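Undergrad: Keeping their order, the protein sequence lines are chains A and B.
Residue numbers for the first sequence follow this note's numbering, so the first one is 45 and each next one is one higher.
Residue numbers for the second sequence follow this note's numbering, so the first one is 45 and each next one is one higher.
Positions of the beta carbon are idealized from the N, C-alpha and C atoms, including for glycine.
None of the values given here were measured: they were computed from a predicted structure.
Below you'll find the structure I mean.
There are 2 protein chains.
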Amino acid sequence: MNDSALQTLLQQLTFNEDGLIPAIAQQHNTGEVLMMAWMNEESIRETLNNNRVCYWSRSRQKLWRKGESSGQEQTLKGFRLDCDKDTILLAVDQIGAACHTGRRTCFYQVVDGDELLTDSEPLIDPAVLYGK
Amino acid sequence: MNDSALQTLLQQLTFNEDGLIPAIAQQHNTGEVLMMAWMNEESIRETLNNNRVCYWSRSRQKLWRKGESSGQEQTLKGFRLDCDKDTILLAVDQIGAACHTGRRTCFYQVVDGDELLTDSEPLIDPAVLYGK
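Below, the structure written as structure tokens:
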């Protein structure tokens, strides 16, 4: 995407009071919803320029190049906006585990009757992912 | 879900400063991501009690029983939380159009090269949906 087109796109988006917009990551070929995180202008610019997904980490207050410490990168396959242009849907190709717990998806807790169950196990030990 | 289990669930969730939590709606049998909206405690309670999805409308500042004016209801098929318990993933069965534009999904705008294209058309005229 050229700079001028990117600028036009960014100007259309509705960011919240912190300059952020929610982004849902979906595995492009299976439809699995992997995670939801936040992007700012800079992370959107970087993601569209590099085709590697970059979020904004609210806890660390810095760019979060997905996989930079864990190796579990997300390649961008598609970038969609909703009707109000206040939510992004990313089609991604996720290497390994999207979740910091080592699971494929962050959405591994499910309401089952009166209980909240965990229905998937880590693919990778987080201690290995983060070299702890 | 019984009242005590529901209360336990609600106490585990991380709501934002407005008492809201983002909820992604995904069509249960196709994987299509339909929309993202917000829930508060009351809307979560109502959704889990009735198996009909109810959001919190930030613009109208009231419960938003999806489909109550348009007829385009969402039946709840599954309720998931992410690792941080600050995002909900709803598996739903969507009648007709999830989007207020009359489209199946809200995510109908896609970056294609330097352009933002619309790649689906309304299933239903919004004027019919909302009786205007």
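#1: What residues from the stretch 100–127 of chain B come within 8 Å of chain A, judged by C-beta to C-beta, listed N to C?
#2: In the DSSP output, which residue or residues are listed as bridge partners for residue 17 (chain A)?
#3: Have a look at B:104, B:105, B:173 and B:115 and flag the residue whose alpha-carbon is nearest the alpha-carbon of residue 96 (chain B).
#4: According to the Cβ coordinates, are residue 171 (chain A) and residue 69 (chain A) closer than 8 Å?
#5: With which residues is residue 12 (chain B) paired in a DSSP beta bridge?
#6: Could you list the residues in the stretch 61–77 of chain A with a C-beta less than 8 Å from some C-beta on chain B, going in chain order?
#7: Closest Cβ-Cβ distance between residue 49 (chain B) and chain A: below 8 Å?
#8: For the stretch 144–160 of chain B, list every residue whose C-beta sits within 8 Å of some C-beta in chain A, in sequence order.
#9: Determine the direct distance from the alpha carbon of residue 162 (chain A) to that of residue 79 (chain B), and round the result to whole angstroms.
#10: For the stretch 124–140 of chain B against the stretch 146–164 of chain A, do three or more pairs of beta-carbon atoms, one drawn from each stretch, fall closer than 8 Å, so that the two count as touching?
#11: Select from A:112, A:139, A:126 and A:156 the residue whose C-alpha is nearest the C-alpha of residue 67 (chain A).
#12: Note the first and the last residue of the continuous alpha helix (DSSP H) segment covering residue 86 (chain A).
#13: Going by other Cβ atoms of all chains shown within 10 Å of its Cβ, with 16 needed for buried, is residue 174 (chain B) buried or exposed?
#14: In the structure shown, what three-state DSSP assignment does residue 170 (chain B) receive?
#15: Quick one: what's residue 123 (chain A) bridged to in DSSP?
#16: Name the two residues that bound the continuous beta strand (DSSP E) containing residue 116 (chain B).
#17: For chain A, is any of its Cβ atoms less than 8 Å away from the one on residue 46 (chain B)?
#18: Less than 8 Å separating the beta-carbons of residue 158 (chain A) and residue 49 (chain B)?
#19: At which residues does the alpha helix (DSSP H) containing residue 158 (chain A) begin and terminate?
TA: In terms of the structure at hand:
#1: Result list: 122, 123, 124, 125, 126 and 127.
#2: Nothing can be reported for residue 17 (chain A), as the shown portion of chain A is limited to 45 through 176.
#3: Of the candidates B:104, B:105, B:173 and B:115, the one whose C-alpha sits nearest the C-alpha of residue 96 (chain B) is B:115.
#4: Taking 8 Å as the Cβ cut-off, residue 171 (chain A) and residue 69 (chain A) do not qualify as a contacting pair.
#5: Outside the shown range of chain B (45 to 176) lies residue 12 (chain B), about which nothing can therefore be said.
#6: Residues 66, 68, 70, 74, 75, 76 and 77.
#7: Chain A, which has a Cβ nearer than 8 Å to the Cβ of residue 49 (chain B), makes this yes.
#8: Within the stretch 144–160 of chain B, 144, 145, 147, 150, 151, 152, 153, 154, 155, 157, 158, 159 and 160 place their CB atoms closer than 8 Å to a CB of chain A, listed in sequence order.
#9: Pairing residue 79 (chain B) with residue 162 (chain A), the inter-Cα distance amounts to about 24 Å.
#10: The stretch 124–140 of chain B vs the stretch 146–164 of chain A: in contact.
#11: Among A:112, A:139, A:126 and A:156, the Cα nearest to that of residue 67 (chain A) is on A:126.
#12: First-last of the alpha helix (DSSP H) with residue 86 (chain A): 85–94.
#13: If you draw a 10 Å sphere on the C-beta of residue 174 (chain B), you find fewer than 16 other C-beta atoms in it, and that means exposed.
#14: For residue 170 (chain B), the three-state secondary structure derived from DSSP is helix.
#15: According to DSSP, residue pairing for residue 123 (chain A) in a beta bridge involves A:134.
#16: That residue, residue 116 (chain B), is in no beta strand (DSSP E); it is neither H nor E in DSSP.
#17: Closer than 8 Å: yes.
#18: Contact: yes.
#19: DSSP places residue 158 (chain A) in no alpha helix (DSSP H); its state is neither H nor E.
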